[in-house]
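Asks:
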Amino acid sequence: MREAAQEILASLQDSSRDNALIFTLSGELGAGKTTFAQGLAEALGVEEPVVSPTFTIMRVYHIPKSDSPRRVRLQDNPFARLVHIDAYRLGSAEELLRLGWEELARDTENCIALEWPERVEGLPLEHAKRVALTLVTDTVHEINYHKN
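Each residue of the sequence shown is one higher than the one before, counting from 616 in this note's numbering.
So, in structure tokens, the structure goes:
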């Protein structure tokens, strides 16, 4: 799962953007959404442990500009922050908007991993990279990725 996240992020490295790079992570409980976000963090060089933001809703991790020994595959890292959001406990897009979503989504230095995007239906996510995760067996996951 982590390796897949790193490969997907590396494949987008040269993409030009006017906004944050947003990944929506869909899947049932235990499908690997947080593990995918941890793979993004590792590829970006985040040095602190990445944990599920289920109770805090959002965690922001700062990405060092210098070459981090943890950075796996990303050569030229344009990001300053990984924003990890778990929308499971949110009831609407308005709740995420009140948390500053629009500003986060506009900032080209943000890479955003949004778990449970279906909980914030109506949020403008037309440029998001959609990742659907399925737990096939206890040890096998299926990943469907849509670049948009």
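We put the beta carbon where it would ideally sit given N, CA and C, even for glycine.
Quick caveat, the model's predicted, so the values are computed rather than measured.
Taking 8 Å as the threshold, find out whether the segment 661-668 comes into contact with the segment 625-640 through three or more Cβ pairs.
Replies: Because the criterion of three Cβ pairs below 8 Å is not met, the segment 661-668 and the segment 625-640 do not touch.
Asks: Assign F670 to buried or exposed, taking buried as 16 or more other Cβ atoms, counted over all protein chains shown, within 10 Å of its Cβ.
Replies: Position 55 of the sequence shown holds residue 670. Counting Cβ neighbours within 10 Å, F670 comes out exposed, since fewer than 16 surround it.
Asks: Which runs of the alpha helix (DSSP H) fall wholly inside the segment 700-732 and span at least 4 residues, in chain order?
Replies: Taking only runs of at least 4 residues, the alpha helix (DSSP H) segments lying wholly in the segment 700-732 are 708-713 and 716-721.
Asks: DSSP state of F651, grouped into three classes?
Replies: What you label residue 651 is simply residue 36 of the sequence shown in a count that begins at 1. F651 falls in the helix class under three-state DSSP.
Asks: With C-beta atoms as the reference, is F651 less than 7 Å away from L659?
Replies: Taking the first residue of the sequence shown as position 1, residue 651 is located at position 36. Taking the first residue of the sequence shown as position 1, residue 659 is located at position 44. Not closer than 7 Å, so no.
Asks: Just the C-alpha distance for N692 and E757, rounded to the nearest angstrom, thanks.
Replies: Residue 692 sits at position 77 when you count from the first residue of the sequence shown. Residue 757 sits at position 142 when you count from the first residue of the sequence shown. Each residue's alpha carbon lies about 27 Å from the other.
Asks: Per DSSP, what kind of secondary structure is S641 in: helix, strand or coil?
Replies: Residue 641 sits at position 26 when you count from the first residue of the sequence shown. Strand at S641.
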